[in-house]
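Have a look at the structure below before the remarks.
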Amino acid sequence: SHRICIQGASILPYSQLVFLWIFSYDIYCVIFSYIILTFPQTSECFLSNAALGRPFSLGMLYDCRSDHLIPGLTLWDEESLRRDIITTDEPFTDFKVITSDSTADKYSVLNVNGSLKASCLAGLVKVEGSAKYLKDVKESQNQARVTLWYTTTRKNTQLSMNQLGQEHIKYKEVFREGIATHVVTGILYGANAFFVFDREVSSDEDRKDIEGNFKVTLNSVPYVSIGGKSALDTKNTSETKAEKFSCRFHGDVLLENNPVSFQDAMDTYKTLPQKVGEGVPVQVNLLPLKELDPTATQMVCQISGSLVDQWQTALEDLSELEMRCNDAMRSKPVKYFKEIDAKVKTFKKLCFTEHLKTTLADLLPSIRGGEKEERVLSDFLKKQQEFRFNSNILKDYSQTCSTKIVASKRGLDKEVLNSKCVVCFTFTSLGGEDPILSALDSPSSESTQALVPVKPDLTRWYHSDNVFDDMDKQLMFAQRPNCFEYRQIVVIYLTSRCYLLGVHKDLSTFDGLKPICP
């Protein structure tokens with residue numbers, strides 16, 4: 001046989017040299033594919049997105065303009081996709097106890113980037129499995145919440161360079177369809193599981209103390225290995241504290257029964273390694289189609305992180321307002337006054353964000369596709385923050401919902417007798433029109449083209465300086481020092497009468513003056 005001499009090396013047969021060259025080329029392809037597809041962040045053209053419970057598969061097409069999967073279409077036939085797939089083991093398991101319930105922290109836990117986060121906030125992405133944790137928000141400010149997060153990864157599958165070569169693409173007409181911008185080239189398999197523990201907090205309890213103590217309890221849960229061996233022991237757990245917590249489960253595993261108590265959660269936690277199996281897609285790598293064919297549709301513009309953060313902050317403020325409304329509607333005094341209850345419900349409804357999500361869901365794909373400029377979204381968010389999302393305006397209004405209300409004559413007598421000097425006015429103004437609610441319900445506050453609505457006066461009529469000035473005109477106090485500090489109590493009756501009541505022997509009214517209903 002032919003023998004070839006390589007300088008500085010021993011003489012090898014030609015056949016062995018060819019084999020060595022072919023073998024080295026295969027190793028090169030494997031290494032190159034692994035570097036490119038496993039670490040897409042090293043190149044701006046690659047994307048790495050959280051799966052969020054969506055049914056990804058290798059070779060699937062994806063539209064990053066709307067963050068939608070394109071089922072049924074691919075660049076290769078099924079046989080080509082199954083051939084030369086690179087699979088590597090990725091064994092990893094961990095758990096963490098989370099006390100924060102903020103939107104930012106939830107998206108960070110699931111590794112959701114800014115662009116995908118924008119689509120989630122706009123309602124473009126339908127999340128499943130463990131990703132439903134993103135939508136699990138507290139309903140009350142008097143609610144303690146602690147979350148146990150279990151996460152594991154199993155394997156990483158990727159397309160090889162053989163498949164990514166343009167000569168191996170079978171269905172090139174897909175490039176001309178314009179319905180996709182990327183193709184799935186790598187998938188990390190694993191699972192996430194969230195055990196969300198909630199309990200109501202009474203007025204004499206400290207929510208942060210309760211959450212801190214329960215976090216210590218959950219941190220004592222031993223590590224569950226990838227092999228499923230665990231020495232989990234809950235006997236040392238304070239049952240009197242743990243049993244007060246209810247449990248809600250969001251996970252990427254199929255359970256016969258979802259846990260509803262602390263003990264149920266611990267029993268389920270022990271079985272997670274066996275139930276995960278090979279796992280589900282938790283992270284995917286996306287290659288732009290324009291890298292395979294320059295004529296393919298591409299994503300022109302990403303939404304800037306600052307705009308995503310603005311939208312996220314606005315939604316968090318609205319979520320806090322919703323909790324305040326829920327707490328107000330649960331209070332006993334509000335239940336006695338149908339008019340107040342109706343206004344709180346209306347305020348909560350008008351702060352609901354679905355109609356705003358619809359606008360954003362229309363804008364995001366257009367901006368990413370280059371049809372509209374990002375300035376359109378920036379102007380829209382700025383306009384909304386001037387009023388509808390203005391946290392100061394909405395929080396000030398929501399605080400009026402917590403104004404102290406006495407719902408019985410006995411309670412009123414107690415308030416009156418606690419002060420030396422009391423001025424008590426009775427009004428019938430409970431059912432009047434609310435300027436804040438009227439402005440929120442105005443169509444101009446929702447339109448992307450309308451001017452910023454004028455901010456209405458936030459002062460409630462029972463806090464109005466003008467109203468109190470009118471009250472003072474009807475009164476004259478005796479010149480006694482201890483009577484210059486007095487309490488003003490507003491009493492509301494649902495009758496047609498309006499009258500002034502003096503409660504002090506040194507209190508009198510100006511002759512000829514009658515109180516005017518506000």
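Okay, so the sequence shown: first residue is 1 according to UniProt numbering, each after it adds one. C-beta: ideal position from N, C-alpha, C; glycine also.
>> Which residue marks the beginning of the beta strand (DSSP E) containing Phe194, and which one marks its end?
In response: 182-200
>> Could you compute how far the alpha carbon of Pro259 sits from the alpha carbon of Leu289?
In response: 43 Å
> What did DSSP end up calling Gln283 once you bin it into helix, strand or coil?
Replying inline: strand
> Looking only at its own chain, which residues have a Cβ that is under 6 Å from the Cβ of Thr346, when we skip the five neighbours before and after it?
Replying inline: Leu437
>> When you compare the CB positions of Tyr269 and Val184, do they come within less than 8 Å of one another, or not?
In response: no
> Counting Cβ pairs closer than 8 Å, one from the stretch 149-158 and one from the stretch 89-107, do we hit at least three?
Replying inline: yes
> Is Asn192 buried or exposed, if buried means 16 or more other CB atoms sit within 10 Å of its CB?
Replying inline: buried
> How long is the line joining the alpha carbons of Ala50 and Leu110, rounded to whole angstroms?
Replying inline: 7 Å
> Measuring CB to CB, does Ala146 end up less than 8 Å from Phe197?
Replying inline: Reading off the sequence shown, one finds Val at residue 146, where the question assumed Ala. Yes, the pair counts as a contact, with Cβ atoms nearer than the cut-off.
>> I need the DSSP call for Gly277, collapsed to helix, strand or coil.
In response: coil
> Hey, which unbroken runs of the alpha helix (DSSP H) at 4 residues or more fall wholly within the stretch 303-350?
Replying inline: 305-330, 332-336, 338-350
> Smallest Cα separation from Glu316: which of Thr297, Lys138, Leu164, Met329?
Replying inline: Lys138
>> For Gly123, report the span of its alpha helix (DSSP H) as first-last.
In response: Counting along the chain, Gly123 falls outside any alpha helix (DSSP H), and DSSP gives it neither H nor E.
> Going by Cα to Cα distance, which pick from Asp362, Ser100, Lys106, Arg199 is closest to Phe245?
Replying inline: Arg199
> Quick one: what does DSSP say Ala51 is sitting in, helix, strand or coil?
Replying inline: coil
>> Give me, in chain order, the residues of the same chain whose beta-carbon lies closer than 7 Å to that of residue 543; leave out the 5 immediate sequence neighbours on both sides.
In response: The requested residue 543 is not part of the displayed model; the chain covers only 1 to 518.
> Any contact of the stretch 290-301 with the stretch 161-177, i.e. 3+ C-beta pairs under 8 Å?
Replying inline: yes
> Are the CB atoms of Asp267 and Cys247 nearer to each other than 8 Å?
Replying inline: no
> Around the C-beta of Ala342, are 16 or more other C-beta atoms found within 10 angstroms, so that it is buried, or is it exposed?
Replying inline: exposed
> According to DSSP, is Lys290 helix, strand or coil?
Replying inline: helix
>> Just to check my reading of the structure: residue 594 and Gly190 have Cβ atoms closer than 8 Å, yes? What is that Cβ distance to the nearest angstrom?
In response: No answer is possible for residue 594: the residues shown for the chain start at 1 and end at 518.
>> On the CB-based measure, 16 or more other CB atoms within 10 Å of its CB, does Glu322 come out buried or exposed?
In response: buried
> Would you report the Cα separation of Phe46 and Val282, rounded to the nearest angstrom?
Replying inline: 17 Å
>> If you measure between the beta carbons of Ile86 and Gln158, is that distance less than 8 Å?
In response: yes
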